[in-house]
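Engineer: Under my numbering, the first residue of the sequence shown carries the number 1, and numbering increases by one thereafter. Glycine included, C-beta positions come from ideal geometry on N, C-alpha and C. Computed from a prediction, not measured in an experiment: that's the story for all the values here. Just dropping this structure here.
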Amino acid sequence: MKAASVAAAAAVLAGGVTAHRAGHRHAHQGLFEKRGHNESEICVPGCTTIWTTITGSAGLYFPPTPTSTSVPVTTSVAPTTTSSAAAIVPTPIPNVCPTPGTYTFPATTIILTETTTVCGASTTELPSGTHTLGGVTTVVETATTVVCPYATAKTEAGVVTSVIETTTYVCPSAGTYTIAPHTTTVTESLATVAIPVVSTFEPGTYTAPAVVTTVTVTNTVVYCPFALSQAAPAPTIAAFTAAAVAPPAPAAPTTVAEVAAPSPSAAAPKKSSAAPLGVEAGNKWAMTYTPYGTVPGSGCKSPAEVMSDIKKIAAAGFTTIRVYSTDCDTLPNVGAAAEAAGVKLIIGIFIGNVGCDNASPDVAEQIAALKAWARWDLVELCVVGNEALFNGFCSVGQLKALIDHTKSELGSAGYKGPYTTTDVVSAWVGNDVSSICAVIDVVACNAHAYFNAATLPSAAGDFVASQLAIVEGVCSLPGYVMETGWPTQGNCIGVACPGEEQQKTALVSIKEKLGEKAVFFSFTDDAWKKPGECGCEQHWGSAKVFGM
Numbered sequence: 001m002k003a004a005s006v007a008a009a010a011a012v013l014a015g016g017v018t019a020h021r022a023g024h025r026h027a028h029q030g031l032f033e034k035r036g037h038n039e040s041e042i043c044v045p046g047c048t049t050i051w052t053t054i055t056g057s058a059g060l061y062f063p064p065t066p067t068s069t070s071v072p073v074t075t076s077v078a079p080t081t082t083s084s085a086a087a088i089v090p091t092p093i094p095n096v097c098p099t100p101g102t103y104t105f106p107a108t109t110i111i112l113t114e115t116t117t118v119c120g121a122s123t124t125e126l127p128s129g130t131h132t133l134g135g136v137t138t139v140v141e142t143a144t145t146v147v148c149p150y151a152t153a154k155t156e157a158g159v160v161t162s163v164i165e166t167t168t169y170v171c172p173s174a175g176t177y178t179i180a181p182h183t184t185t186v187t188e189s190l191a192t193v194a195i196p197v198v199s200t201f202e203p204g205t206y207t208a209p210a211v212v213t214t215v216t217v218t219n220t221v222v223y224c225p226f227a228l229s230q231a232a233p234a235p236t237i238a239a240f241t242a243a244a245v246a247p248p249a250p251a252a253p254t255t256v257a258e259v260a261a262p263s264p265s266a267a268a269p270k271k272s273s274a275a276p277l278g279v280e281a282g283n284k285w286a287m288t289y290t291p292y293g294t295v296p297g298s299g300c301k302s303p304a305e306v307m308s309d310i311k312k313i314a315a316a317g318f319t320t321i322r323v324y325s326t327d328c329d330t331l332p333n334v335g336a337a338a339e340a341a342g343v344k345l346i347i348g349i350f351i352g353n354v355g356c357d358n359a360s361p362d363v364a365e366q367i368a369a370l371k372a373w374a375r376w377d378l379v380e381l382c383v384v385g386n387e388a389l390f391n392g393f394c395s396v397g398q399l400k401a402l403i404d405h406t407k408s409e410l411g412s413a414g415y416k417g418p419y420t421t422t423d424v425v426s427a428w429v430g431n432d433v434s435s436i437c438a439v440i441d442v443v444a445c446n447a448h449a450y451f452n453a454a455t456l457p458s459a460a461g462d463f464v465a466s467q468l469a470i471v472e473g474v475c476s477l478p479g480y481v482m483e484t485g486w487p488t489q490g491n492c493i494g495v496a497c498p499g500e501e502q503q504k505t506a507l508v509s510i511k512e513k514l515g516e517k518a519v520f521f522s523f524t525d526d527a528w529k530k531p532g533e534c535g536c537e538q539h540w541g542s543a544k545v546f547g548m
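Take a look at the structure:
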C-alpha cells in the first residue's frame, strides 16, 4: 500500500470514523418493553457507497487448521531453521514448526517511521446461524460524506485473503451508520470465526522478544507478538491561527413552537444547586428497580418483598435506586425500603402512548402522587420521560413544556433537586434540543452496548462511555447513563452475544469505566415480558454478577 494513501486513510479512520461507536438500539414500546432494533440508527435507503480498492502488498492469509497427530516429545537436536514470514510491520510473526521438538525464535525489532495501516484479524466464538460482523461504525450529527479504510476477506481459487479497501460513504442525515460489514454462516453449534480488522501502528520501535518453546504435534504454528518498546518523538508543529468558521444553521423546524429557544431578554432558567450526583470513580452508583412480580400474572410485589430486594441492592454497594413511575405503590414501598437501607432514589414520570401533554390523566396522576408523597430527602434526581423523543411520545417543545410544568408542580411541594430527561443518543443528536438543555440540570442517556453489532462484552465500557460523551457535548452539561446492561440469553447481534459470562465481562467493563455515573439495568429477570426480536427482553437481571 502506498504510504501517503495509507497515512491519509488512517488519519480519517482515527479522527472521525472510530471516534464514537453506536449501533443498534432498543425501543421502549411500553414501560418496560425495552429492546428492539433501532432501525433509525442504521443506514437507510438512499445511502450511496462508492467503492475504491487500494492496491499494494497482500494481506494476511488464514489457512485451515492442519490435521495434527500427537507425537511424544523427543530429545533430538532442535531444527535449526523454521518457516516464518518476513516482518515488515509489527503484526505477530507466524513461525511454522513442522515436527515435534524444542524451537528457539530470536528477538526481532521493527522501526516504523510513519503511521502504517495493515489488515489484521480478531476472533470471536459464534453459535450456529448467520451473523453480521466487522465493518466500521460511525455516528454523524449532520449529512456527512465519510471516507475510511475497512478490512474485508476475499476468496480467489480457494484462497482466503484479508485485504484493506477504502470506501466513500454518503450519510444522508444524522444517525448511526455501519460501513462495510460482512456476514458469515456458522454450521457448527459453536465455532471460532476470524474477523478482518484494520490495525494502525504509530511510529516507534517494536520488539518481539526471543521465544523458546517445545511443541508435541506436527505442523504447529507459533506466533511471536510485538510490543511497542519506544515511541517515536512527537514532531514539533509550528503554531498557527485558524480562521473561525461559523457552524451551519440547523434545519428549520416544521413547528416553530416545538424548538423555539428562549428569547435573549428572557431570564435564564433557574438551575438546581444540589450536590453532584454519582459516587467516586470505579464504584457502583445505581440500579434500576420495578416492584413487579418476576413471573406472569404475579402482580405487584408486597412491601416485604420490596424491602428484601432493596436491602440486597444496598448490601451489594449501590447507593441509589432508579424507579420509572409511581404505579404498584412504588413511592410508599420502595421509599420506605430505601430509607431503611440508607439509599437514595431517582424518581421518574413515565410518558407512554397516552401522550406528553401536561393535561394527560396518566401524567397528572404521577405528579399528584409525587406531591402527596413528598419525601424529597430521599430523592437524588427526577427524570421526566424515558426515551419519549425516540418513541415519538413527545415533540421537543412538548417535552420541554412538561419538564417546566413538573418543575413548577414539584417545586411548589418542596422539591429543590435536579431534573433531567433520558433518551438514546440518536434522539439527542437528531433534534434541536437546545430548549430542553436550557431547563435540565444534567443530561442523561440510555446506552446498551449489546445492540451495537461491533462491540464485544469486554469493550462495553468504552462503548457506553463514548455514548455519554456525545450527549454531554450536546448540552454542555454533566452527563449520566440512566440505563446500561447486557442480557444473559437471546440472539447474537454481530459479535455481541448474550450469556452469563458475557454479561459479567460487560458489566465489569462498564463499572470500571464509568460505574460512578451509570444506572445498571436491571435487578432481576422479567419473565412476564415478551422475548422481543432479540429474544433477550426477559433476561437482563444482573443480581448474580453483583453478588446478590
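#1: Which residue from LEU331, VAL443 and GLY479 puts its Cα closest to that of PRO291?
#2: Would you check if there are 3 or more beta carbon pairs closer than 8 Å linking the stretch 413-425 to the stretch 371-378?
#3: With the cut-off set at 8 Å, would you say VAL571 and ILE349 are in Cβ contact?
#4: Looking at C-alpha atoms only, which residue of CYS497, SER458, ALA447 and ALA359 is the closest neighbour of GLN398?
#5: Excluding the 5 residues preceding and the 5 following VAL212 in the sequence, name in chain order all residues of the same chain whose CB lies nearer than 6 Å to its CB.
#6: Take the Cβ of PRO100 as the centre, count every other Cβ of all protein chains shown within 10 Å, and call the residue buried at 16 or more, exposed below.
#7: Mapping DSSP to helix, strand and coil, what is ILE403?
#8: Is it buried or exposed, GLU537, if we count other Cβ atoms within 10 angstroms and call 16 or more buried?
#9: Can you tell me the Cα-Cα spacing of THR115 and GLY204, whole angstroms?
#10: Relative to the alpha-carbon of LYS407, which residue among GLY430, ILE436 and CYS300 has its alpha-carbon at the smallest distance?
#11: On the three-pair Cβ rule with 8 Å, is the stretch 467-474 touching the stretch 495-508?
#12: May I ask you to verify whether the stretch 476-488 touches the stretch 440-451, counting CB pairs closer than 8 Å and requiring at least 3?
#13: Straight-line CA distance for HIS24 to ALA401?
#14: If you draw a straight line from the C-alpha of ASN446 to the C-alpha of CYS97, how long is it?
#15: Considering just the uninterrupted stretch of the beta strand (DSSP E) at GLY385, what are its terminal residues?
#16: Thinking C-alpha only, which one of PRO209, PRO361 and ILE367 is nearest THR109?
#17: Write down every uninterrupted run of the beta strand (DSSP E) in the stretch 442-504 whose length is 3 residues or greater and which is fully enclosed by it, in chain order.
#18: Return helix, strand or coil for GLU365, following the three-state DSSP convention.
#19: Within the same chain, show all residues whose beta-carbon is closer than 6 Å to that of ALA107, passing over the 5 residues directly before and after it, in chain order.
#20: Have a look at the DSSP bridge pairing and note the partners of PHE520.
#21: When the Cα atoms are used, what is the spatial distance from PRO605 to ASN431?
#22: The beta strand (DSSP E) with GLY335 in it runs from where to where?
#23: Identify whether THR115 lies in helix, strand or coil by the three-state DSSP scheme.
#24: Return the CA-CA distance between THR488 and VAL136, expressed in angstroms with no decimal places.
#25: Quick check: the Cα distance between LYS530 and GLY299, rounded to an integer number of angstroms?
#26: Which one or two residues does DSSP pair with TYR419 in a beta bridge?
#27: Taking 8 Å as the cut-off, decide whether the C-beta atoms of HIS448 and PRO498 are in contact.
#28: With DSSP as the reference, label LEU389 as helix, strand or coil.
#29: Residues in its own chain within less than 7 Å of ILE510 by CB, not counting five upstream and five downstream?
#30: Looking only at its own chain, which residues have a Cβ that is under 7 Å from the Cβ of THR326, when we skip the five neighbours before and after it?
#31: Can you give the Cα-Cα distance for PRO127 and ASN283, rounded to whole angstroms?
#32: Below 8 Å between beta carbons: does that hold for THR102 and THR214?
#33: For ILE346, which of helix, strand or coil comes out of DSSP?
#34: Is GLY547 helix, strand or coil by DSSP?
#35: Along the chain, where does the beta strand (DSSP E) containing ILE313 start, and where does it finish?
#36: Residues bridged to CYS300 by DSSP?
Structural biologist: Quick answer:
#1: The option with the nearest alpha carbon to PRO291 is LEU331.
#2: Judged by Cβ distances under 8 Å, the stretch 413-425 makes contact with the stretch 371-378, as three or more pairs qualify.
#3: As displayed, the chain neither begins before 1 nor continues past 548, which places residue 571 out of reach and without an answer.
#4: Ranking CYS497, SER458, ALA447 and ALA359 by Cα distance to GLN398 puts ALA359 first.
#5: Counting only Cβ-Cβ distances below 6 Å, and skipping sequence neighbours, we find THR104.
#6: Counting Cβ neighbours within 10 Å, PRO100 comes out buried, since at least 16 surround it.
#7: Helix at ILE403.
#8: GLU537 is buried by the Cβ-count criterion.
#9: Their Cα atoms are separated by approximately 9 Å.
#10: For the residues GLY430, ILE436 and CYS300, the minimum Cα distance to LYS407 belongs to ILE436.
#11: These segments do not touch.
#12: Yes: the two stretches touch, three or more of their Cβ pairs being nearer than 8 Å.
#13: The pLDDT assigned to HIS24 is 37, lower than 50, so where the model puts this residue is not dependable; a value taken from the coordinates is nonetheless given after this. For the pair HIS24 and ALA401, the Cα-to-Cα distance works out to about 30 Å.
#14: C-alpha separation (whole angstroms): 50 Å.
#15: Residues 379-386.
#16: Answer by Cα proximity: PRO209.
#17: Counting only runs of 3 or more, we get 443-446 and 479-484.
#18: The answer is helix: DSSP assigns GLU365 an H, G or I state.
#19: Taken in chain order, the residues that qualify are PRO209 and ALA210.
#20: PHE520 pairs with MET287 and THR484.
#21: A question about residue 605 goes unanswered here, because the residues of the chain that appear run from 1 up to 548.
#22: Judged by DSSP secondary structure, GLY335 falls outside any beta strand (DSSP E) and instead within the alpha helix (DSSP H) spanning 335-341.
#23: Of the three classes helix, strand and coil, the one that applies to THR115 here is coil, per DSSP.
#24: Spanning the two alpha carbons is a distance of roughly 26 Å.
#25: Between the alpha carbons of LYS530 and GLY299 lies a gap of roughly 16 Å.
#26: According to DSSP, which records beta bridges pairwise, TYR419 is partnered with CYS382.
#27: Their beta carbons are not under 8 Å apart, which means HIS448 does not touch PRO498 by this criterion.
#28: LEU389: coil per DSSP, three-state reduction.
#29: If we look at ILE510 and ignore the five residues flanking it on each side, its Cβ neighbours are ALA460, GLY461, VAL464, THR484 and ALA518.
#30: Non-local beta-carbon contacts of THR326 in its own chain, meaning distances under 7 Å to residues more than five positions away in sequence, involve GLN366, ALA369 and LEU370 in chain order.
#31: Spanning the two alpha carbons is a distance of roughly 34 Å.
#32: With contacts defined as CB atoms closer than 8 Å, THR102 and THR214 qualify as a contacting pair.
#33: Shown here, ILE346 sits in a strand according to DSSP, grouped into three states.
#34: GLY547: coil per DSSP, three-state reduction.
#35: Residue range 303-315 is occupied by the alpha helix (DSSP H) that includes ILE313, with no beta strand (DSSP E) assigned at that position.
#36: As computed with DSSP, CYS300 is found in a beta bridge with TYR292.
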